[in-house]
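Remarks on the structure that follows.
Below is the structure:
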């Protein structure tokens, strides 16, 4: 178990990448298809999709593959939030705010790009829009998780080094997530560092708890507080 990072819950690993449990090739293809569908929705199709349908489509693009691949064993990804998880969720939100404010200010001074605390989401002005946010963020969290699993499958098979494979996999997932915001919030460098690498704290929370609900809740609360602070909710 020395191949685990100290902050991880050692008794439980990420599923599938090392053959525990083993899943068929079609399951990996399905997860990859989910990532591709998510990218297509974000970068190419949103103008053609109804405002209320788009976040549902985003959520389904990554959630359905995960649910199908899990074959009823949803505990691989989703667990009941424990009392001890709450302090880590709060800590993640606080650190995320500090990171976002610091680097947002830096890029504002360097590029003149308006600083967006949080994920760059649309203004929330109704209960309906809050529900849309609640739905969409699950898709975003699973987008990162699937990329991590796919990269781990490849890198761990080549290196047999879990720590190195996980570190690179997380980095790739964060960069990919940041690039989903390209063209909306300043330079490519900005979206990678602020939106992409800035979500590392949510990913670390997921890796610690092996529970998508914890990173999802942290992400959701962070965005809701951010929008409330700016008067958008």
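Numbering (this note's numbering), first residue to last: 24 to 256.
Cβ coordinates follow ideal geometry from the N, Cα and C atoms, glycine included.
Fair warning: this is a prediction, and the values are worked out from it, not measured in the lab.
Measuring alpha carbon to alpha carbon, tell me which of the options ends up nearest residue i.
i           : options              : result
residue 215 : 196, 109, 25 and 128 : 196
residue 236 : 31, 161 and 248      : 161
residue 38  : 122, 49 and 93       : 93
residue 110 : 228, 122 and 91      : 228
residue 221 : 201, 78 and 230      : 201
residue 153 : 170, 183 and 251     : 251
residue 31  : 47, 50 and 231       : 231
residue 150 : 183, 75, 101 and 61  : 75
At the level of alpha carbons, what is the spacing between residue i and residue j?
i           : j           : result
residue 55  : residue 173 : 8 Å
residue 42  : residue 180 : 10 Å
residue 217 : residue 25  : 32 Å
residue 128 : residue 103 : 37 Å
residue 66  : residue 95  : 31 Å
residue 59  : residue 117 : 32 Å
residue 203 : residue 82  : 15 Å
residue 185 : residue 27  : 7 Å
residue 120 : residue 112 : 12 Å
residue 241 : residue 115 : 7 Å
residue 64  : residue 176 : 25 Å
residue 53  : residue 45  : 15 Å
residue 244 : residue 124 : 16 Å
residue 122 : residue 132 : 16 Å
residue 106 : residue 189 : 27 Å
residue 77  : residue 49  : 26 Å
residue 269 : residue 100 : Given that the chain is displayed from residue 24 to residue 256, the structure contains no residue 269 and the question cannot be resolved.
residue 61  : residue 91  : 16 Å
residue 29  : residue 36  : 13 Å
residue 219 : residue 47  : 31 Å
For residue i, I'd like the list of residues in its chain whose CB is within less than 6 Å of its CB, leaving aside the five on either flank, ordered along the chain.
i           : result
residue 163 : none
residue 145 : Residue placement at residue 145 cannot be trusted, given a pLDDT of 49 that sits under 50; what the coordinates show is reported in the next sentence. So no residue of the chain qualifies.
residue 51  : none
Leaving out five residues on either side along the sequence, give the residues of the same chain with a beta carbon under 8 Å from the beta carbon of residue i.
i           : result
residue 191 : 174 and 178
residue 211 : 202 and 205
residue 126 : 216, 217 and 221
residue 223 : 193 and 197
residue 226 : 167, 171, 193, 196, 197 and 238
residue 108 : 232, 234 and 237
residue 187 : 178
Which residues in the same chain as residue i place their Cβ atom closer than 7 Å to its Cβ, once the five residues preceding and following it in sequence are excluded?
i           : result
residue 165 : 85, 86, 89 and 235
residue 79  : 158
residue 40  : 172, 175, 176 and 179
Please check the pair residue i and residue j, which I expect to be a contact at CB under 8 Å, by giving their CB distance rounded to whole angstroms.
i           : j          : result
residue 169 : residue 98 : Contact flag wrong, Cβ pair sits at about 17 Å.
Can residue i be considered in contact with the ligand PLP, in the sense that its beta carbon sits closer than 6 Å to one or more heavy atoms?
i          : result
residue 81 : Absence of the ligand PLP is noted for the structure shown, with no ligands found whatsoever.
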